[in-house]
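Everything below concerns the one structure shown next.
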Amino acid sequence: ADLADLIAARQRERPAGSYTTRLFDAGLRRIAQKVGEEGV
208 ADLADLIAAR QRERPAGSYT TRLFDAGLRR IAQKVGEEGV
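Numbering of the sequence shown is given in the numbering used here, commencing with residue 208 and proceeding in unit increments.
Set out below in structure tokens:
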């Protein structure tokens, strides 16, 4: 699976208490910020 597939699966599943779920709840701006942080 590529990264896009993994992200789509996480968005569908959205397990309670998951950091990924919190990022989706925070919105695209926060997700983009996190990706930028990890890319450095």
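Glycine included, C-beta positions come from ideal geometry on N, C-alpha and C.
Item: Per-residue DSSP class, three states only, for Val-247; Value: coil
Item: For Asp-209, the three-state DSSP class (helix, strand or coil); Value: coil
Item: Assigned secondary structure, Ala-223 (DSSP; H/G/I helix, E/B strand, else coil); Value: coil
Item: Cβ separation of Phe-231 and Arg-219, assumed to be a contact under 8 Å, to the nearest whole Å; Value: Not quite, the Cβ-Cβ distance comes to about 10 Å (not below 8 Å), so this is no contact.
Item: Inter-residue Cα distance where the pair is Asp-209 and Ile-238; Value: 18 Å
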